[in-house]
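Since the structure comes first, as structure tokens, the remarks are kept for the end.
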Amino acid sequence: MPGSHSVTRSAFLCDGCSTATRITMVGDGYLFSRLRRLGDPALAHPLVAFTGDCDTMRGCTVALTEAGQSVLEGRQMLRS
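In my numbering, the protein residues as written are 2 to 81.
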């Protein structure tokens, strides 16, 4: 069940991934593929849920699931 946080039209913000000595910019396609993995229905507890055309960034809506909200609030750890 989706939580109260949602991103319509998959509007993503990314400042990049930084290390102590450099900044690496990450593309939208890569970030979208990572997000899709977090919402994979084959997972026991997906962190996000998609509606709409999930094959395109602009064609879908993403919302946190109860498990995603739990991880965001620090009540549950993200497991790989």
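All residues carry an ideal CB built from backbone N, CA and C; glycine is no exception.
The structure presented is a predicted model; accordingly, all values stated were derived computationally and were not measured.
For the options 55, 56, 38 and 61, the alpha carbon positioned closest to that of residue 69 is the one of 38.
The way I'd put it, the stretch 42-54 doesn't touch the stretch 26-34; fewer than three beta-carbon pairs between them come closer than 8 Å. Residue burial annotation: residue 75 is exposed, with fewer than 16 other C-beta atoms found within 10 angstroms of its C-beta. Shown here for residue 55: same chain residues with a beta carbon closer than 6 Å to its own, the five before and five after excluded, namely 61 in chain order. By the neighbour-count criterion, in which 16 or more other beta carbons inside 10 Å mark a residue as buried, residue 27 falls on the exposed side.
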